[in-house]
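Going down the list, the protein sequences come from chains A and B. To get this note's numbering, take the position in the first sequence, counting from 1, and add 12. To get this note's numbering, take the position in the second sequence, counting from 1, and add 1486. Notes for the one structure printed next.
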Amino acid sequence: MTDPAILTEGLTKHYGDVEALNELDLEVETGEVFGFLGPNGAGKTTMIRTILDLIRPTRGSAKVVGLDSHADAVEIRRHIGYLPSDLTMYPRLTGRDTIKYFANLRGGVDWSYVEELAERLQADLSPKVGDYSSGNRQKVGLIQAFMNKPKLIVMDEPSSGLDPLVQREFQRMMREVASEGRTIFLSSHTLSEVQAVADRVGVIREGYLVEVSSVDDLRSKAIRSVELRFEGSVETSVFEAMDGVTDVQATNHHVRMSYGGNLVDLLRAAADVGTLVDVSSQEADLEQIFLTYYEGSEA
Amino acid sequence: MLANVFMKTNRDRTLGMLLGSVSIGLMLLFAMAVYRDIDVSLYDSLPPVFLELFGVPEGADVASLAFGAIYSFMGALTLAGLAISMGSASIAGEERNGTIGILLGNPVSRSRVLAAKAASVVLLLFIGGLVMWAAGLWTPEVLGIEIADMRVGAMVFHMTVSALFYGFLALMVGAWTGNPQTASGVSVTIMMVGYLGTSILPFIEQLDGWERVFPWYYFNGSNPTLNGIDWEHMAILGGAALAFLAFGFVGVNRRDLRSKGTKRTLIDRLRDNPRTAAVAEKIAGSARVSGLAMKTVSDHQGMLIITGAIMFYVSILMGPLYALVPDETWAAFSSFPDVLVAMIGGTDMSTVEGFFQAEIFAITMPIAGAVLMISMGSRAIAGEERDHTMGLLLSSPMDRSKIVVTKAWVMVAFGFAFGLVTFLGTWLGVLMGGIDMGIGVIAATSLLGSLLILGFGGFALLLSAATGETSISSWATTAWVAVAYFAFAFLGVNPDTEAWVQLSPYHYFLGGDPLVEGMQWGDALVLAATFVVPVLLAIPAFRRRDLKG
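Set out below in structure tokens:
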């Protein structure tokens, strides 16, 4: 059986009184694209830095590609690519020198693959890193993360600064990695991107992992926007009393609401209050789903 | 002027200024306490001309000598160094940090920002001067030492105006170039060359009077502790400082401001030229990114070249200069008591070895070498964390201990390279001056000097690895360098404190008189341990903690 790409058990990190991570149990399967979501300060970067042994857990443990994140840290690094958030590199080195430097440290890098990645991302490697725009600097960061074809690529906000065309190419690259049986762990706020490429997502809030699910599952049980059109005016109190119904608004013959339950129950209730002429239901996208989680954290 | 820029700059810099000035005040306290208890019979027999030379008025106690040793040397260099640090970071520092854009995105002019920064330099120097002035008056009072009509206030005033001169010089160079390293490098070089020039030229009959070309002369040439404020000299320094400020305003408004980007260097142009690309690529491209060691070499080679060039210049000059000084002058030094000898690095200037030790090995080599090693040691670990590159570096299959050890090996190579430059410069100087000094003793002393500065580098590396803070590492090591020198130079003159000298690494560098006696292998071992032990401690210190940044 293949080891999970990432496995954490009770992973906890406290900074004094600040609880950055709490009892995080997470399993990221090999060969998937896993989206890691959460509001600012939720603990995403802390989790990534902990599993990469850049910081040490207060409690709990983590395994990366089947190896202990602390005891086998060096061995793990032979099998991963990493793109940190707020990427900073050596300003006086050119993009090419920077890639060569990390390629030499990592070993096993095929330079023709580097050239191919640069071409796909439209990256000019000749300027100095200090002279790059943030988007072009990010491309260099992406190339160094992908260049050794690692088993696991961990990326923290990778799309920052990339233009839409490059973002699309980058999404294709991530899907290709997964199709080769390798794993992508993607922390991002670009929810449309996560929706487009991720097989599963995890949501972290205030240091707690509050949801792990496939994107499809999440969307199917998500609150959707429903609009019912009746032949005449109807009483809305029936809907307001239903479980899963919120935000009921009635105008003329229309009733709009947010609904998080079984659609059949809603239609039965609608048939009882009047003659139903039309129904429209809009499936929630990830952004709506996660706004619910995010807003919950602010409450 | 912008009040909020002024206040922010003050807030950023006040702690450094207070630490520097209070440290100098404490050094004065310790030095006076040591001097107070020594045998004064030698002091009483000193000819008045020597007392005058050291700014000691008639009727003052022997401890008054501490003012000359601490204030006119360490104090003046420290205050000027802090001023240079502030001046060079004013506009150029904002450009280096990439904050100038957001600052000037507000409705403020470049001139107003520069004015706020300049005002901050003036205020903080005033505060630093005030602390030293208070310490200068309070210390003799507390210790019951008679300083007669010694002009402490005049000395501090001279120090402050001199520091303002160097601070505004750095500010001007920074305003014109946008490069803080250039600004501080130019200013420190002018300061150090001036210090050395005014120390040596008066002894050379043929060059008598030429010391006036150096700014340092206008700080101390009039002997302010004895003669009070020399308004003419102060007008020269103050006027020059104002002229620098005015030029700075012109410069900052004439050029393009830098973003955080980088400038094109000569080697970049060579890489672009098809005829030189292959060679330049080997030197600056592939080679420097071939691994962590070569990258570290590349990162610090500029600093090695600068400090090595200064060291070479100073050391090669000393031979011919020594030959120019009349023998009678050197003979006069033989009557100096220990307390005065301590003030010139604890060396007997009446001998050729003493002269070389004082002018090259006791002060210049440790200071220039410590600058190099502190820069390397503090940036080794904490610098990568400050620049947010350590995380990326550690995503490579590399153990943290390997990073520490690799950087330490590069420090060893640079420490010995610096020693080699010192050796070559001194040896060539000796040949040029026709001086009878063996190559072996020069090599031995240079080697011990390399080990001394490596010890400072190891200390900086340990703090860098343990704390992840470049500022803690560099400031604490700088303080250790100063305390170690102080302990070696001054504690030995008092029998009660003599034993403490052994705690100073300088004792193992020059205590065995290597320029006379040759290599002291026992001392070399102790000095080597001052590097090896901190490096070994740095490994677990770095491995155990969370990464910063």
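In this text, a Cβ means the ideal position worked out from N, Cα and C, and glycines have one as well.
Listed by chain order, chain A residues near residue i by CB distance under 9 angstroms
| i | result |
| --- | --- |
| K1494 of chain B | Chain A residues near K1494 of chain B: none, gap ~23 angstroms exceeds 9 angstroms. |
8 angstroms Cβ cutoff, residue i in contact with chain A
| i | result |
| --- | --- |
| G1877 of chain B | yes |
| G1777 of chain B | yes |
| L1880 of chain B | yes |
| H1874 of chain B | yes |
Neighbour flag for residue i against chain B, beta carbons, 8 angstroms
| i | result |
| --- | --- |
| T100 of chain A | yes |
| N148 of chain A | no |
| N116 of chain A | yes |
| A311 of chain A | With a pLDDT of 38 at A311 of chain A, under the threshold of 50, the predicted position of this residue should be treated as unreliable, though the coordinate-derived value follows. With 8 angstroms as the cut-off, A311 of chain A does not count as an interface residue toward chain B. |
| L332 of chain A | This structure cannot settle anything about residue 332 of chain A, because the visible part of chain A is limited to 13 through 311. |
Residues of its chain near residue i, where Cβ-Cβ distance is below 6 angstroms and the 5 sequence neighbours each way are ignored
| i | result |
| --- | --- |
| P162 of chain A | H91, I92, G93 |
| T1892 of chain B | L1778, A1779 |
| A2027 of chain B | A1951, A1952 |
| W1702 of chain B | G1680, Y1681, T1684 |
| Y27 of chain A | none |
| M1673 of chain B | It should be noted that the sequence gives Ser, not Met, for residue 1673 of chain B. If we look at S1673 of chain B and ignore the five residues flanking it on each side, its Cβ neighbours are I1570, Y1652, L1655, A1656. |
| V222 of chain A | V215 |
| F1733 of chain B | M1658 |
| G1911 of chain B | F1798, S1801, I1802 |
| T202 of chain A | S171 |
Cross-chain neighbours of residue i in chain A, by beta carbon under 7 angstroms
| i | result |
| --- | --- |
| K2045 of chain B | Absent from the structure is residue 2045 of chain B, since the part of chain B shown begins at 1487 and ends at 2035. |
Proximal chain A residues relative to residue i, where beta-carbon distance stays under 8 angstroms
| i | result |
| --- | --- |
| L2033 of chain B | R61, L66, I67 |
| D1635 of chain B | Correct list: empty, because the minimum Cβ distance to chain A is about 56 angstroms. |
| M1884 of chain B | V86, R89, L117 |
Beta-carbon gap between residue i and residue j smaller than 8 angstroms
| i | j | result |
| --- | --- | --- |
| S40 of chain A | V209 of chain A | Checking the sequence shown, residue 40 of chain A turns out to be Val, not Ser. Result no, Cβ atoms of V40 of chain A and V209 of chain A do not sit closer than 8 angstroms. |
| I67 of chain A | I18 of chain A | no |
| R1596 of chain B | V1775 of chain B | no |
| G1660 of chain B | S1574 of chain B | yes |
| R212 of chain A | S225 of chain A | yes |
| L1947 of chain B | A1866 of chain B | yes |
| L1657 of chain B | F1730 of chain B | yes |
| G1506 of chain B | T1585 of chain B | no |
| L1937 of chain B | F1900 of chain B | no |
| V1617 of chain B | M1572 of chain B | no |
| A1552 of chain B | L1514 of chain B | yes |
8 angstroms Cβ shell around residue i - same chain, five flanking residues per side excluded
| i | result |
| --- | --- |
| A1727 of chain B | V1647, L1650, F1651, G1653, F1654, L1655 |
| V1898 of chain B | L1940, F2017 |
| W1966 of chain B | F1942, F1945 |
| T106 of chain A | L137, S138, P139, K140, V141 |
| R327 of chain A | With chain A covering 13 to 311 only, the question about residue 327 of chain A has no answer from this structure. |
Within chain B, partners of residue i - CB distance below 8 angstroms
| i | result |
| --- | --- |
| Y94 of chain A | G1877, L1878, S1881 |
Own chain partners of residue i with C-beta closer than 7 angstroms, once the 5 adjacent residues on each side are dropped
| i | result |
| --- | --- |
| R2039 of chain B | Here chain B has residues from 1487 to 2035 only, and residue 2039 of chain B is not among them. |
| E310 of chain A | Its pLDDT being 47, under 50, E310 of chain A is placed unreliably in this model, and the value from its coordinates should be taken loosely. None. |
| D259 of chain A | M269, S270 |
| I1958 of chain B | L1949 |
| I60 of chain A | V166, D168, S199 |
Legend entry - Contact between the region 237–245 of chain A and the region 279–299 of chain A (3+ Cβ pairs under 8 angstroms): yes
Inset, instruction - State whether the region 21–37 of chain A contacts the region 194–205 of chain A, with contact taken as three or more CB pairs (one from each stretch) at a distance under 8 angstroms. - result: no
Inset, instruction - For the region 1899–1909 of chain B and the region 1788–1804 of chain B, state whether three or more C-beta atom pairs, one from each stretch, are separated by less than 8 angstroms. - result: yes
Inset, instruction - Could you say if the region 1953–1973 of chain B and the region 1880–1889 of chain B meet the contact criterion of at least three C-beta pairs nearer than 8 angstroms? - result: no
Legend entry - Any 3 or more C-beta pairs closer than 8 angstroms across the region 1619–1630 of chain B and the region 1695–1714 of chain B: no
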